[in-house]
Each structure stands twice: as C-alpha cells, then as structure tokens.
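Using this note's numbering, the letters of the sequence shown map in sequence onto residues 1 to 218.
Glycine included, C-beta positions come from ideal geometry on N, C-alpha and C.
What follows is a set of notes on a single structure, which appears directly below.
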Amino acid sequence: MSRDRIRVLVADDHPFVHEGVRLALQTDTSIDMIGTAKDSSDLLRRLSNEVCHVVVCDYAMPGGHHGDGVTLLRLLVERHPETAVVILTALDRRPIIGAILGLGIQCIVSKADDLKHVRSAVHAAHETQRYLSPTIAAAMAAYLPLSTHTALSPRERQVISLLLQGVSVGDIATRLGRSLSTIGTQKANALLKLGLTNDADLFRYAADSGLLNLLATH
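Written as structure tokens, this is what we have:
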C-alpha cells in the first residue's frame with residue numbers, strides 16, 4: 001500500500017452508509033478506506049491508534065461517550081487538527097450548515113446527493129479546499145435573505161455566488177471566461193465591500209446574512 005494514498009475512516013451509525021461510501025471510494029486508487037466507526041467513542045479510539053488523513057463523519061451519530069453534532073466535531077477538530085473532516089449528513093438546515101462551517105470544516109455532503117460527491121469531498125478536504133454537494137449549496141442559497149449587498153456589481157455577485165457553491169477561483173475564471181487576475185480582483189473588491197477578509201469569513205457571513213438569496217435573485 002502506497003504511503004501517498006489518502007487514508008479515510010468512515011464514521012456513521014448505519015452499516016449501509018459504510019458500504020455505500022466504500023463502494024463510492026473503491027474505484028479511486030488514490031484513496032484507502034482504512035475502516036469504519038459506529039459512534040463517537042469508536043471514532044476517537046481509532047483516531048488515537050491509527051494514521052488517518054480524512055474522516056467522513058455523520059453529523060447526527062448517537063451513541064458513544066462524546067456526543068455527536070457540533071459537540072463531537074469540536075472535539076474532533078481540537079484533538080486531531082491534523083485530520084481533515086468531511087461531513088456526510090441528511091440534515092440541510094442553515095443553522096447546522098453554519099455551525100459546521102464555523103468550526104472550520106469546509107467539506108459537507110448531503111446524503112440526498114450521489115455518494116460520488118464523497119469522493120470529491122475527500123480530495124478537497126485532504127487538499128484543504130472547500131466542497132459543498134449540490135443539496136448543501138442549494139440549502140445555503142435558500143436561507144440567505146436580502147440585505148445591504150446591493151453594492152456588489154453583477155460580476156462580483158457572480159464570483160461570490162460561485163465561491164459559495166464551492167467553485168475554485170481557477171474554475172470560476174474558466175467558467176466565466178475571465179482571467180485569474182480579474183476574478184481575483186472581483187473577489188477582493190466584493191470582500192472589501194462586505195467588510196470581510198477571507199473565505200472563512202465569507203462562509204460564516206453567508207450562513208447568517210442575506211447574501212446568497214440576493215445573489216440567487218440577480
């Protein structure tokens with residue numbers, strides 16, 4: 001087994017999810033699914049004893065001695081900052097998404113979406129990038145009310161909307177037919193107008209404000 005492969009542990013209280021994720025990952029030769037965990041105690045025990053690069057973790061996972069949801073995720077981030085996290089969840093409510101993003105976890109996949117998105121999210125998490133599956137991105141857009149974001153130009157709105165859907169700056173440039181420097185400038189100008197400094201601030205702001213709803217209506 002190559003040391004370059006991404007070592008993935010799947011934590012979910014449903015065995016059929018373990019199997020579904022295994023099937024989704026098995027065709028990717030750069031990923032090694034090293035095992036599964038059924039609750040918080042099992043997960044933290046395995047992380048203490050094994051090298052794991054990415055955890056694919058259910059948000060609602062009852063059982064164990066460490067809780068689930070934000071309680072478990074905060075503990076996971078604090079105890080194992082070297083391990084990237086992908087959230088796999090059936091929940092798509094804005095407060096939950098906002099809480100996950102607020103912990104610095106940037107890869108979220110809905111169980112309503114094809115499990116192929118788990119594979120993409122694992123790679124994104126391992127490379128410290130953002131990935132939101134379509135249902136999660138749409139849920140964020142649906143919850144953001146109209147506010148004071150009319151100062152954004154149409155092109156800045158396009159860039160910010162795509163960023164919040166998990167599209168990279170390079171891919172935005174390709175998709176919109178603009179140069180990287182132009183996209184970078186439009187992103188920087190939008191963040192300045194919104195009073196934000198980085199992507200993490202943008203996601204937290206989007207989860208609590210009216211940004212995406214405005215973008216969706218223009």
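Secondary structure of residue i, DSSP reduced to three states
i: residue 29; result: coil
i: residue 115; result: coil
i: residue 51; result: coil
i: residue 78; result: helix
i: residue 65; result: coil
i: residue 156; result: helix
i: residue 42; result: helix
i: residue 196; result: coil
i: residue 175; result: helix
i: residue 94; result: helix
Rounded C-alpha distance that separates residue i from residue j
i: residue 115; j: residue 21; result: 7 Å
i: residue 130; j: residue 36; result: 23 Å
i: residue 75; j: residue 54; result: 15 Å
i: residue 17; j: residue 185; result: 42 Å
i: residue 193; j: residue 66; result: 41 Å
i: residue 39; j: residue 11; result: 7 Å
i: residue 125; j: residue 63; result: 26 Å
i: residue 69; j: residue 199; result: 23 Å
i: residue 109; j: residue 100; result: 12 Å
i: residue 33; j: residue 166; result: 24 Å
Paired residues, beta bridge with residue i - DSSP
i: residue 56; result: 10, 86
i: residue 36; result: 10
i: residue 205; result: Residue 205 pairs with nothing; no bridge assigned.
i: residue 132; result: 108
Residue of the options minimising C-alpha distance to residue i
i: residue 6; options: 121, 139, 91, 185; result: 121
i: residue 162; options: 196, 206, 192; result: 206
i: residue 190; options: 181, 202, 179; result: 202
i: residue 24; options: 9, 137, 113, 119; result: 119
i: residue 4; options: 158, 127, 59; result: 127
Run of the beta strand (DSSP E) containing residue i, from where it starts to where it stops
i: residue 110; result: 107-110
Any non-hydrogen atom of the ligand FAD closer than 8 Å to residue i Cβ
i: residue 114; result: The model depicted lacks the ligand FAD and carries no ligand whatsoever.
Delimiting residues of the alpha helix (DSSP H) encompassing residue i
i: residue 5; result: Run containing residue 5: none; DSSP gives neither H nor E here.
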